[in-house]
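Numbering of the sequence shown is given in this note's numbering, commencing with residue 29 and proceeding in unit increments.
C-beta atoms are modelled at their ideal positions from N, C-alpha and C, and glycine is treated no differently.
This structure is a prediction, so every number in the text was calculated from the model and none was measured.
Below: the structure, in structure tokens.
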Amino acid sequence: MPRPCQRRSRHHRSLLIGLALLSPVHAADYLAGLPPPQPAPSGGSNVLYYLELVINGRDSGQVVPVNAADGHYLLDAAALREAGVRLPGNPAGQVAVDALPEVRADYDSASQQLHLQVPPDWLPEQRFDDPGLVARAPARSSLGALFNYDLYYSDPADGATPWLSALLEQRLFDGFGVISNTGVYTRYFGDADNLDSRYLRYDTYWLYNDERNMHSYQLGDYVNGALNWTTPVRMGGFRFARNFGVRPDLVTYPLLRFDGQAAVPSTVDLFINGYKASSADLQPGPFAISNVPYINGAGEATVVTTDAQGRQVVTSLPFYVSNTLLARGLSDFDLSVGRLRDDYGLRNFSYADNAASGIYRYGVSDRLTLSTHAEAASDLRLLGIGGDIAVATFGTLSLAASGSDGQGDSGQQYLLGYSYYSRRLGLSLQHIERSAGYGDLGTLDGEYQLSRRTDQATASLTFDEQGTIGTGYFDIRARDGSRTRLANLSYSRPIGSRSSFYLALNKDLDGDGYSALMQLVIPFDINGLLNIGVTRDSDRRYSERVIWSRSTPSQGGLGWNLGYGGGASRYQQADLTWRMQNVQLQGGLYGETGNYTRWADLSGSLVWMDNAVFASNRINDAFVLVSTKGYPQVPIRYENQLMGSTDDNGHLLVPWVAAYYPAKFQIEPLDLPANVSAPEVEQRVAVRQGSGLLLDFPIRAVVAASISLVDERGEPLPLGSQAEETGSGQRASVGWDGQVYFEGLQSDNQLRVVRPDGRACQARFRLDTRKPTVSQVGPLTCSAPIGDTP
């Protein structure tokens with residue numbers, strides 16, 4: 029019996045499974061169950077058969093001519109290729125199949141079939157590589173504009189100056205991309221001579237995402253791309269980068285892949301960490317399974333194969349998946365050129381030196397990803413290289429080195445990191461060392477300095493229902509030689525089916541004392557969440573606290589937060605949130621007894637689209653405006669959740685749509701009036717980043733009638749009579765009691781009816797086309813046409 033082995037394959041870690049169940053030994057068992065084979069004629073005779081071709085136990089669905097001559101079976105090579113058999117050497121013309129190496133041919137005269145047993149690798153490879161978690165859909169957008177606002181008013185304690193801030197965003201979007209501007213207006217009240225009311229701009233940019241090539245183009249203000257060993261900075265200029273976010277169906281890191289061969293029809297089931305991940309029916313031949321769930325870390329994969337006779341082979345293999353790596357052949361990059369932002373959040377248009385930065389990552393293999401980084405300014409040059417390496421099933425190793433030269437000095441930076449994650453254990457270690465002269469774009473203005481050395485170690489251990497223990501150690505040596513060392517320890521565990529307990533300890537290793545937190549969280553269904561806890565600070569002061577909160581439902585409703593803290597301050601807080609379809613209101617207070625800060629908040633969005641203006645909750649990313657072409661009170665569902673009903677003009681705005689995700693929108697046809705028809709009740713669409721989409725559900729009025737037909741004696745027309753509405757050509761069968769139903773009628777209508785005995789009759793009737801329900805017509809007499817004899 030062949031033994032399992034392992035190998036690598038493109039994009040994914042590949043585990044080649046030698047499936048004894050699917051081996052030629054079992055294929056021989058299958059052939060042994062056939063009737064005794066008829067020998068091919070010999071002695072120079074030549075017999076032509078037309079036989080159904082069966083390959084490795086699978087019917088090919090082809091009937092092919094077979095020449096039996098000189099003790100061999102001859103088939104046309106083209107017929108074999110059409111049946112999926114890849115012959116070595118790609119021969120042409122007639123081929124003696126039973127003379128090929130490792131091929132067995134058996135003629136079954138009873139069923140007129142030719143059974144061929146060929147090596148599995150001669151057959152087409154079957155691929156099961158669609159995870160099926162996110163289906164791809166081209167993203168769309170419609171012309172529109174958006175105005176986000178968040179107004180916050182604060183009346184501070186101790187008689188301080190009240191103030192109002194308005195966080196504002198303006199957006200214009202269509203197929204050209206998104207143009208956005210953000211900023212905040214602050215207004216101070218009272219006698220605050222030293223405080224100026226003003227507007228402060230944050231970011232202004234144009235952004236366009238190219239889905240096909242996964243590229244982003246940004247002109248204006250942005251944050252440049254960075255690696256885990258580089259420092260991001262704010263810039264103004266042009267940015268060109270890879271954007272995997274436009275393809276939620278794409279997995280960028282190496283996933284598991286399982287390869288094998290099936291000699292006979294079988295099924296294969298894949299289990300990941302004991303949970304069934306996929307199942308597939310296999311035809312004879314090689315196969316590759318990569319439709320595994322999106323996982324990260326160490327685990328165990330189990331492959332169970334079953335043939336038609338119920339025999340199974342179980343193969344278990346360990347694996348490690350690292351989402352810090354890029355799949356083989358995949359690349360990521362960021363190129364930023366412009367000027368550094370200066371005094372961000374303090375001044376509107378303050379830019380410093382010209383600068384450029386770039387990063388590039390490439391998946392050399394499923395075990396190795398290389399990265400490079402470069403920065404340049406008038407007085408800075410920096411270059412670095414790094415890599416992430418998968419160490420078999422033992423985790424991921426990260427290495428990086430970079431050097432800088434500028435401002436009259438030069439220096440180096442080195443990084444060494446390691447991480448390992450499994451279902452029970454998580455471990456992360458990182459060491460960064462910098463020389464005194466090392467600098468980057470973030471340090472050019474002299475206000476920010478990089479640390480000389482940083483060490484950090486974190487670990488977590490899970491004991492299922494017994495909880496999780498976590499610990500961390502952080503050691504930072506600043507440029508001026510000062511040192512900060514921190515350690516923490518935490519423990520959390522579930523209590524019952526819903527509650528949880530949490531304990532945390534924090535210690536400054538260079539100081540006295542420690543701080544601690546212990547809390548119990550108890551949920552109460554829709555009535556909120558109760559949080560009871562005790563804290564201790566490094567000065568040995570204890571404070572109890574109780575918080576009762578309820579999250580605001582996304583579809584709208586009330587949420588609240590009530591809190592009390594003990595200790596010397598006796599801190600208290602209370603706030604209420606009311607979310608409506610068009611706006612969100614908040615208000616509350618916090619502080620010590622008799623000395624409270626009072627605040628209120630109003631947030632939402634105004635959208636212009638489809639020649640109308642709509643008020644909505646705040647829109648952070650994308651949105652969809654559903655239109656039913658003027659029909660009001662139509663219920664709309666987003667991802668199976670009821671979002672509301674259309675307004676008097678047939679619109680409903682859904683403000684919480686994830687960009688590029690193909691989401692499902694539905695209308696409820698059963699809630700429509702009887703005289704209304706919706707040819708499309710469900711659509712799956714994706715929306716571009718920061719944009720909106722006008723989604724039409726065509727709804728049309730239907731003039732319909734249920735007609736009761738009787739003959740000239742007042743008796744219902746016979747069951748099965750065929751009725752035709754002569755204006756539209758519609759036809760329908762007459763049911764019990766002479767009932768027949770038609771849609772798409774006019775104000776004046778005529779029917780022609782043919783009874784089962786062949787006799788015909790006619791009837792005319794008028795309708796009120798403005799009636800909102802199905803009209804009931806009749807009894808309507810169907811009379812014989814003039815000139816016909818009864």
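Next on the checklist: Can you tell me whether PRO314 is helix, strand or coil according to DSSP?
Outcome noted: Within the sequence shown, residue 314 is the residue found at index 286, counting from 1. DSSP places PRO314 in strand when its eight states are reduced to three.
Checklist entry - Count the other CB atoms within 10 Å of the CB of PRO800; is the residue buried (16 or more) or exposed (fewer)? => result To locate residue 800, count along the sequence shown from 1; it is residue 772. Exposed.
Checklist entry - Quick one: what's ARG626 bridged to in DSSP? => result Taking the first residue of the sequence shown as position 1, residue 626 is located at position 598. DSSP output for ARG626 lists ASP183 and LEU617 as bridge partner(s).
Checklist entry - Expressed to the nearest angstrom, what Euclidean distance is found between the alpha-carbon atoms of ALA329 and ARG389? => result Reading the sequence shown from its first residue, position 301 is the one you call residue 329. Reading the sequence shown from its first residue, position 361 is the one you call residue 389. The straight-line gap from Cα to Cα measures roughly 29 Å.
Item to check | ASN271 (DSSP reduced to helix, strand or coil) | outcome: As a first step, residue 271 must be located in the sequence shown, where it is residue number 243. Of the three classes helix, strand and coil, the one that applies to ASN271 here is coil, per DSSP.
Checklist entry - Going by other Cβ atoms of all chains shown within 10 Å of its Cβ, with 16 needed for buried, is ASP335 buried or exposed? => result Within the sequence shown, numbered from 1, the residue matching residue 335 stands at position 307. With 16 or more other Cβ atoms inside 10 Å of its own Cβ, ASP335 counts as buried.
Checklist entry - What's the C-alpha gap between THR333 and ALA316? => result Against the sequence shown, residue 333 aligns to sequence position 305. Against the sequence shown, residue 316 aligns to sequence position 288. Between THR333 and ALA316, the C-alpha separation is close to 13 Å.
Next on the checklist: Tell me the residue span of the alpha helix (DSSP H) that contains LEU108.
Outcome noted: Mapped onto the sequence shown, residue 108 falls at position 80. Counting along the chain, the alpha helix (DSSP H) containing LEU108 begins and ends at 105-110.
Next on the checklist: Need the endpoints of the beta strand (DSSP E) that GLY205 sits in, please.
Outcome noted: As a first step, residue 205 is located in the sequence shown; it is residue number 177 there, counting from the start. Here the beta strand (DSSP E) through GLY205 covers 205-216.
Checklist entry - In chain order, what residues of the same chain have a beta carbon less than 6 Å from the beta carbon of LEU545, not counting five sequence neighbours either side? => result Residue mapping note: residue 545 aligns to position 517 of the sequence shown, counting from 1. Only ALA532 and THR563 meet the Cβ criterion.
Checklist entry - If you pair each beta-carbon of the region 339-346 with each one of the region 161-179, do three or more pairs fall below 8 Å? => result These segments do not touch.
Next on the checklist: Whole angstroms are fine: how far does the CA of GLN600 sit from the CA of LEU590?
Outcome noted: Taking the sequence shown and counting its residues from 1, one reaches residue 590 at position 562. Taking the sequence shown and counting its residues from 1, one reaches residue 600 at position 572. Taking the straight line joining both Cα atoms gives about 8 Å.
Next on the checklist: Please state the DSSP three-state secondary structure of THR259.
Outcome noted: Stepping through the sequence shown from its first residue, residue 259 is reached at position 231. DSSP places THR259 in coil when its eight states are reduced to three.
Next on the checklist: Tell me which residues share the same chain as VAL123 and place their Cβ nearer than 8 Å to its Cβ, disregarding the 5 neighbours each side in the sequence.
Outcome noted: Sequence index remark: in the sequence shown, residue 123 carries index 95 (1-based). Once the five neighbours on either side are set aside, the close Cβ partners of VAL123 are LEU102, LEU103, ASP104, ALA105, LEU108 and LEU115.
Checklist entry - Is LEU494 helix, strand or coil by DSSP? => result The count along the sequence shown starts at 1 and reaches residue 494 at position 466. Per the sequence shown, residue 494 should be read as Gln rather than Leu. Of the three classes helix, strand and coil, the one that applies to GLN494 here is helix, per DSSP.
Item to check | Simplified DSSP state of ILE323, which is helix, strand or coil | outcome: Taking the sequence shown and counting its residues from 1, one reaches residue 323 at position 295. DSSP places ILE323 outside both helix and strand once states are collapsed to three, so it counts as coil.
Checklist entry - Between which two residues does the beta strand (DSSP E) containing GLY772 stretch? => result Working through the sequence shown from its first residue, we reach residue 772 at position 744. Where GLY772 is concerned, there is no enclosing beta strand (DSSP E), given that its DSSP letter is neither H nor E.
Item to check | Contacting residues, own chain, Cβ-Cβ under 8 Å from PRO581 (five flanking each side not counted) | outcome: Sequence index remark: in the sequence shown, residue 581 carries index 553 (1-based). For PRO581, where only same-chain residues beyond five positions count, the Cβ hits under 8 Å are GLY587 and ARG607.
Checklist entry - What does a CB cutoff of less than 6 Å around ILE460 pick up in its chain, not counting 5 residues either side in sequence? => result Position 432 of the sequence shown, counted from the start, is the residue given in the question as residue 460. Only LEU443 and THR482 meet the Cβ criterion.
Next on the checklist: The beta strand (DSSP E) that contains THR563, what's its start and end?
Outcome noted: Locating residue 563 in the sequence shown gives position 535, where the first residue counts as 1. In the DSSP assignment, THR563 falls within the unbroken beta strand (DSSP E) covering 557-564.
Item to check | Rounded C-alpha distance that separates ARG270 from SER385 | outcome: For the purposes of this step, residue 270 is identified with residue 242 of the sequence shown, where counting begins at 1. For the purposes of this step, residue 385 is identified with residue 357 of the sequence shown, where counting begins at 1. Approximately 14 Å, taken between the alpha carbons.
Item to check | Check whether PRO683 and PRO707 have beta carbons under 8 Å apart | outcome: As a position in the sequence shown, residue 683 is number 655, starting the count at 1. As a position in the sequence shown, residue 707 is number 679, starting the count at 1. In terms of Cβ geometry, PRO683 and PRO707 do not form a close pair [threshold 8 Å].
Next on the checklist: For TYR77, list the residues DSSP reports as bridge partners.
Outcome noted: Stepping through the sequence shown from its first residue, residue 77 is reached at position 49. According to DSSP, which records beta bridges pairwise, TYR77 is partnered with VAL94.
Checklist entry - Three-state secondary structure (DSSP) at LEU698? => result Sequence index remark: in the sequence shown, residue 698 carries index 670 (1-based). Under the three-state reduction of DSSP, LEU698 is assigned to helix.
Item to check | Own chain, CB closer than 6 Å to GLY465, minus 5 neighbours either side, in chain order | outcome: Numbered from 1 along the sequence shown, position 437 holds the residue referred to as residue 465. Excluding residues within five positions, the ones whose Cβ falls inside 6 Å are ASP437, SER438 and GLY439.
Next on the checklist: Can you give me the C-alpha to C-alpha distance between PRO65 and ARG86, rounded to a whole angstrom?
Outcome noted: For the purposes of this step, residue 65 is taken as residue 37 along the sequence shown, with counting starting at 1. For the purposes of this step, residue 86 is taken as residue 58 along the sequence shown, with counting starting at 1. Residue confidence for PRO65 is low, a pLDDT of 47 falling below 50, so the modelled location carries little weight; the figure read from the coordinates is stated next. PRO65 and ARG86: Cα-Cα distance of roughly 18 Å.
Checklist entry - Considering only C-alpha positions, which residue in the set ARG665, LEU747 and GLY742 is nearest to GLN711? => result Working through the sequence shown from its first residue, we reach residue 711 at position 683. Measuring from the Cα of GLN711, the nearest candidate turns out to be ARG665.
Next on the checklist: Given the structure, does VAL709 come close to the ligand FMN, in the sense that its CB is under 7 Å from one of the ligand's heavy atoms?
Outcome noted: Among the components of this structure there are no ligands whatsoever, and the ligand FMN is therefore not found.
Checklist entry - Apart from the five residues just before and just after SER811, which ones in its own chain have a Cβ nearer than 8 Å to its Cβ? => result Your numbering for residue 811 matches position 783 in the sequence shown. Excluding residues within five positions, the ones whose Cβ falls inside 8 Å are GLU740, CYS789, GLN790 and ALA791.
Checklist entry - What does DSSP give as the partner residues of GLU752 in its beta bridges? => result In the sequence shown, the residue the question calls residue 752 occupies position 724. As computed with DSSP, GLU752 is found in a beta bridge with ARG759 and ARG780.
Checklist entry - DSSP state of GLY470, grouped into three classes? => result In the sequence shown, residue 470 corresponds to position 442, counting from 1. Three-state result, GLY470: helix.
Checklist entry - Which residue from VAL251, GLN145, ASP186 and LEU235 puts its Cα closest to that of GLY313? => result Position 285 of the sequence shown, counted from the first residue, corresponds to residue 313. The shortest C-alpha separation from GLY313 is found at GLN145.
Next on the checklist: With H, G and I counted as helix, E and B as strand and the rest as coil, what does DSSP make of ASP287?
Outcome noted: If you number the sequence shown from 1, residue 287 lands on position 259. In this structure, DSSP gives ASP287 an extended state, which the three-state scheme calls strand.
Next on the checklist: DSSP three-state label for ASP249, please.
Outcome noted: As a position in the sequence shown, residue 249 is number 221, starting the count at 1. Reduced to three states, the DSSP call for ASP249 is strand.
Checklist entry - Given VAL805, which residues of its chain have a CB within under 6 Å of its CB, disregarding the five upstream and five downstream residues? => result Here residue 805 refers to the residue found at position 777 when the sequence shown is read from its first residue. Result list for VAL805: ALA733, ILE735 and PHE793, in chain order.
Next on the checklist: With the cut-off set at 8 Å, would you say LEU653 and HIS679 are in Cβ contact?
Outcome noted: Against the sequence shown, residue 653 aligns to sequence position 625. Against the sequence shown, residue 679 aligns to sequence position 651. Yes; because the gap between Cβ atoms is below 8 Å, this pair is in contact.
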